[in-house]
Amino acid sequence: MFILNDASKTSAFYSPIYITAYIGSVSKIKTNVLHPVLKEELWKLESKMRYKKYEEESKKITLDPKNYIEAIEYNPSFVYVPKDLTFQDQEFIRVSCDKYLCAEEEILQQLHEMTKKPKFFVCVSAIIEENGYENRIFSGSGYGQFYLSDIRICEEHKQLEELDLA
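Everything in the sequence shown is counted per my numbering, starting at 73 for the first residue and increasing by one.
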């Protein structure tokens, strides 16, 4: 079984910021995905081949059922983060993630189980990328996007009513 939410490398971030976030819902989905090695191979082929030749090779790989593996994906729904990432104020806004949560499998499974409890958000300490994300968080009436990584579950929890700002 492959976990899509691999722990990310913080060194990949341009300028990471540690934040406190509240996650209210995490879904766990089983899905079939193209094997990561083959996916990377396709990406390499795309840059090396002409379009028509690449299309033929791509079809050979993607149409073969043996090239797919079962995977689990953890997706967040309700996520609240500080409105101003620079000053870490206590005003929270709801956002969505660019992709999905990124952490060790045990943490993601624990988050999934904890967010099934009604009325509570799970408090997490996480890393987000500063570059470009602050502006997106302010845009769209609080529904900006960012990428949560290197998540650690904290002690504090908040009731749903306290953070329902949307």
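Idealized CB from N, CA, C, for every residue including glycine.
Within 10 angstroms of the beta-carbon of R166 lie 16 or more other beta-carbons, which makes it buried. Comparing alpha carbon positions, the residue from S97, K230 and I133 closest to E185 is S97. Contact annotation: the region 187 to 201 touches the region 220 to 227, with at least three C-beta pairs closer than 8 Å. In the three-state reduction of the DSSP assignment, E142 falls in the strand class, which pools E and B.
In the DSSP assignment, P108 forms no beta bridge with any residue. Just so you know, the alpha carbons of P137 and H107 end up roughly 10 Å apart. Counting C-beta atoms within 10 angstroms of its own C-beta, F159 has fewer than 16 neighbours from the protein chains shown and is therefore classed as exposed.
Counted as a single uninterrupted DSSP element, the stretch harbouring S149 is not any beta strand (DSSP E), since DSSP gives it neither H nor E. Sequence-distant partners of L183 (beyond 5 residues in either direction) whose C-beta falls short of 8 Å from its own C-beta, in its chain, are I95, V98, Y146, L173, A175, V194, V196, I223 and I225. With fewer than 16 other CB atoms across the displayed protein chains lying within 10 angstroms of its CB, L135 is exposed.
Counting every other CB atom within 10 Å of its CB across the protein chains shown gives Y152 a total of 16 or more, marking it as buried. I101 is classed as exposed because its beta carbon has fewer than 16 other beta carbons within 10 Å across all chains shown.
For Y140, the closest alpha carbon among the candidates P190, V105 and K191 is that of V105.
Looking from the CA of P148, the closest CA among A93, E228 and Q231 belongs to A93.
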